[in-house]
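Numbering (the UniProt record's numbering), first residue to last: 1 to 366.
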Amino acid sequence: MKIVPSSSLMLRKRSEMMIFVVLVIICTCCFKDSLASRNPYTPIDYQKKIAQGFSTNYFKTLNFNKYNKKNLADVYDRGFRNLRLRCRADLDNFNMTVFLNNLETVVDDCLATNIAPIVSWIHHEAEAFATESHRTKYLDWWTSVAEKLKDKDYRLSFNLFTELGVDSCGKACAESLRENTVKYNDWTSAVVKKIRESGGKNDKRIVILGSPKKTAKGLKEIDYNIYKNDHYMMAEWHIYASGPNKRHRNNGKPGQKYWSGTGDHVGKSNVMTAIGYANYFTSVYNLTTYLGAWMPQANENGDLNQTEIINFGKYFVQVIKPIPWSMNVLDTYYDTKNTDWILNEQAITGQTLNMSRVLDEIISVM
């Protein structure tokens with residue numbers, strides 16, 4: 001009979017105990033996620049759930065050929081927990097039935113991968129001119145989406161506006177949703193009512209309002225009556241959707257998105273000012289926020305170099321916590337059609353950049 005030394009027995013027991021503890025932790029986390037998906041999220045819990053993610057282009061064209069289910073596993077493995085599904089409703093030959101079926105496919109795949117899908121609406125003409133006809137179509141669009149997805153679990157949320165643009169109206173934008181806050185609040189109040197009455201889990205699903213002025217500074221213009229008695233609402237805002245830059249105002253002073261070098265001169269204070277508006281709004285109005293769009297590179301004029309892009313990205317990700325975010329855009333870092341992370345240098349706005357390195361640096365401080 002072979003006698004096993006007591007030290008070996010102890011080592012084996014410790015190993016078995018460690019394996020048991022790890023399994024318990026994994027099962028507890030899985031159970032917690034499963035339980036949370038079946039129960040409504042508070043806005044604070046939803047902030048934690050969605051954490052960090054990407055904006056997507058899956059529904060910005062008619063051709064649903066950029067999507068592959070493997071995208072989701074790859075994104076999740078890198079630590080990202082949300083995808084903002086930006087959906088254009090203004091495409092020629094748009095077919096609502098086809099769109100809804102494709103949207104449901106992506107939403108189901110996201111939920112199966114434990115990624116929170118955040119559905120948002122885009123219609124450039126409607127945002128800019130906001131006629132009564134546009135309003136009716138906006139309500140119809142959201143009613144159709146809400147009814148289609150009403151029984152999906154609570155990790156799914158609805159973001160009412162991607163961004164209130166004014167590009168289509170030029171200098172005649174008085175009737176736009178961004179400039180006409182009365183219209184904005186009317187549309188928002190009406191669509192919230194439609195969503196809440198659409199059945200299923202939509203009465204307690206997180207609905208994310210949009211900032212009337214895009215940035216957090218404009219959040220206070222949302223009618224308080226829209227959200228004061230609704231415990232499942234958040235507000236989206238953004239700045240740096242096209243990245244930082246080195247632009248100056250007409251008076252020669254650095255602009256609100258200015259960044260240079262390490263950001264010690266103006267850049268960091270700009271970031272803190274932008275975030276400060278959001279934090280102040282939450283403290284006064286008790287509505288938590290989500291940053292729906294940002295990018296580290298200077299996408300408009302390419303005036304930040306690789307090192308500056310990394311400096312900005314790392315600083316931004318560290319100081320915005322605990323506000324969750326979606327970064328513009330997944331396609332910059334990942335080939336969604338061919339399911340590969342983009343490792344090679346890319347030409348972006350006249351610069352040659354290694355966005356894989358940028359992403360690695362951002363992940364290191366998430």
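For every residue, glycine included, the Cβ atom is placed at its ideal position computed from N, Cα and C.
Residue i vs residue j beta-carbon contact at 8 Å
{"i": "Leu177", "j": "Glu132", "result": "no"}
{"i": "Tyr41", "j": "Ile226", "result": "no"}
{"i": "Val98", "j": "Tyr138", "result": "no"}
{"i": "Leu100", "j": "Lys148", "result": "yes"}
{"i": "residue 374", "j": "Leu160", "result": "Outside the shown range of the chain (1 to 366) lies residue 374, about which nothing can therefore be said."}
{"i": "Lys257", "j": "Ile239", "result": "yes"}
{"i": "Trp259", "j": "Leu330", "result": "no"}
{"i": "Ala347", "j": "Phe281", "result": "no"}
{"i": "Cys173", "j": "Val166", "result": "yes"}
{"i": "Leu359", "j": "Ile309", "result": "no"}
{"i": "Val266", "j": "Tyr315", "result": "no"}
{"i": "Thr349", "j": "Asn311", "result": "no"}
{"i": "Gly200", "j": "Asp230", "result": "no"}
{"i": "Asp153", "j": "Arg38", "result": "yes"}
{"i": "Gln52", "j": "Pro244", "result": "no"}
{"i": "residue 376", "j": "Ala146", "result": "For residue 376 there is no data in the structure shown, the boundaries of the chain being 1 and 366."}
Delimiting residues of the alpha helix (DSSP H) encompassing residue i
{"i": "Cys110", "result": "Met96 to Ala112"}
{"i": "Pro43", "result": "Pro43 to Ile50"}
{"i": "Val166", "result": "Careful: Val166 lies outside any alpha helix (DSSP H) and carries neither H nor E."}
{"i": "Met366", "result": "Run containing Met366: none; DSSP gives neither H nor E here."}
{"i": "Ala216", "result": "Run containing Ala216: none; DSSP gives neither H nor E here."}
{"i": "Ala298", "result": "Unbroken run through Ala298: none, as it is neither H nor E."}
{"i": "Leu72", "result": "Lys70 to Asp77"}
{"i": "Tyr138", "result": "Glu132 to Lys148"}
N- and C-terminal bounds of the beta strand (DSSP E) containing residue i
{"i": "Ile309", "result": "Here Ile309 belongs to no beta strand (DSSP E); instead the alpha helix (DSSP H) covers Gln306 to Val319."}
{"i": "Ala293", "result": "Thr289 to Trp294"}
{"i": "Phe158", "result": "Ser157 to Asn159"}
{"i": "Asn328", "result": "Asn328 -> no beta strand (DSSP E), and no H or E assigned at all."}
{"i": "Thr352", "result": "Gln351 to Leu353"}
{"i": "Ser120", "result": "Ala116 to Ile122"}
{"i": "Leu83", "result": "Asn82 to Arg88"}
{"i": "Ile323", "result": "Note, Ile323: premise wrong, no beta strand (DSSP E); not H, not E."}
{"i": "Ala347", "result": "Gln346 to Ile348"}
Of the residues the options, the one placed nearest residue i, counting alpha carbons only
{"i": "Lys49", "options": "Glu221, Gly350 and Arg155", "result": "Arg155"}
{"i": "Thr289", "options": "Gly218, Gly302 and Leu359", "result": "Gly218"}
{"i": "Trp355", "options": "Lys337, Asn338 and Met327", "result": "The sequence given here has Met at residue 355, not Trp. Closest option to Met355, Cα to Cα, is Met327."}
{"i": "Phe80", "options": "Asn39, Leu164, Asp153 and Thr56", "result": "Thr56"}
{"i": "Lys69", "options": "Lys60, Val106, Leu209 and Arg247", "result": "Val106"}
{"i": "Val119", "options": "Glu125, Thr162 and Asp109", "result": "Thr162"}
{"i": "Asn63", "options": "Pro212, Asn102, Tyr184 and Glu175", "result": "Asn102"}
{"i": "Ser157", "options": "Ala298, Met234 and Phe129", "result": "Met234"}
{"i": "Ala298", "options": "Asn270, Ser242 and Gly199", "result": "Ser242"}
{"i": "Phe54", "options": "Gly313, Met295 and Gly200", "result": "Met295"}
{"i": "residue 399", "options": "Asp186, Arg196, Glu221 and Pro212", "result": "This structure cannot settle anything about residue 399, because the visible part of the chain is limited to 1 through 366."}
{"i": "Thr136", "options": "Met366, Trp325 and Asp186", "result": "Asp186"}
{"i": "Gly292", "options": "Asp45, Asn202, Glu104 and Lys214", "result": "Lys214"}
{"i": "Lys220", "options": "Lys194, Ser283 and Asp108", "result": "Ser283"}
{"i": "Ala278", "options": "Lys268, Pro117 and Ile320", "result": "Ile320"}
{"i": "Ile44", "options": "Glu104, Trp237, Leu287 and Arg357", "result": "Leu287"}
{"i": "Trp237", "options": "Ile222, Asn250, Leu343 and Thr307", "result": "Ile222"}
{"i": "Tyr224", "options": "Asn180, Tyr285 and Asn250", "result": "Tyr285"}
Same chain only: Cβ atoms within 6 Å of residue i, ignoring 5 sequence neighbours per side
{"i": "Tyr334", "result": "Trp341"}
{"i": "Thr262", "result": "Asn311"}
{"i": "Tyr184", "result": "Leu177 and Pro212"}
{"i": "Glu345", "result": "Thr352 and Asn354"}
Close-in-space but distant-in-sequence residues of the same chain around residue i (CB under 7 Å, 5 per side omitted)
{"i": "Ala73", "result": "Thr113"}
{"i": "Ala89", "result": "Trp121, Ile122, His123 and Trp141"}
{"i": "Ile115", "result": "Leu72, Val75, Tyr76, Arg81, Asn82 and Leu83"}
{"i": "Lys60", "result": "Arg86 and Arg88"}
{"i": "Ile363", "result": "Arg78 and Gly79"}
{"i": "His66", "result": "This sequence places Lys at residue 66; His is not what is there. Result list for Lys66: Asn57, Tyr58, Thr336 and Lys337, in chain order."}
{"i": "Pro254", "result": "His248 and Val266"}
{"i": "Thr28", "result": "Residue placement at Thr28 is poorly supported in this model, since its pLDDT is 46, which falls under 50; the coordinates still yield a value, given next. Cβ within range, chain order: n/a, list empty."}
{"i": "Cys169", "result": "Ala128, Phe129 and Ser176"}
{"i": "Val365", "result": "Lys314, Val317 and Gln318"}
{"i": "Ser198", "result": "Thr143, Ala146, Glu147 and Lys150"}
Sequence-distant residues of the same chain with beta carbon closer than 8 Å to residue i, five excluded per side
{"i": "Pro322", "result": "Gln47 and Lys48"}
{"i": "Ser144", "result": "Met96 and Leu100"}
{"i": "Gly252", "result": "none"}
{"i": "Thr273", "result": "Gln256"}
{"i": "Leu111", "result": "Ser37, Pro117, Lys152, Asp153, Arg155 and Leu156"}
{"i": "Leu91", "result": "Thr61 and Leu62"}
{"i": "Glu179", "result": "Val166 and Cys173"}
Cβ-heavy atom distance, residue i to the ligand GDP, below 7 Å
{"i": "Leu83", "result": "Looking at this structure, you won't find the ligand GDP or any other ligand, since it has none at all."}
My parser needs the alpha helix (DSSP H) runs of 4 or more residues fully inside the stretch 169–213; what are they? 181–196
Output the residue ranges of the beta strand (DSSP E) runs that lie fully inside the stretch 211–269 and measure 3 residues or longer, sorted by chain position. 233–237
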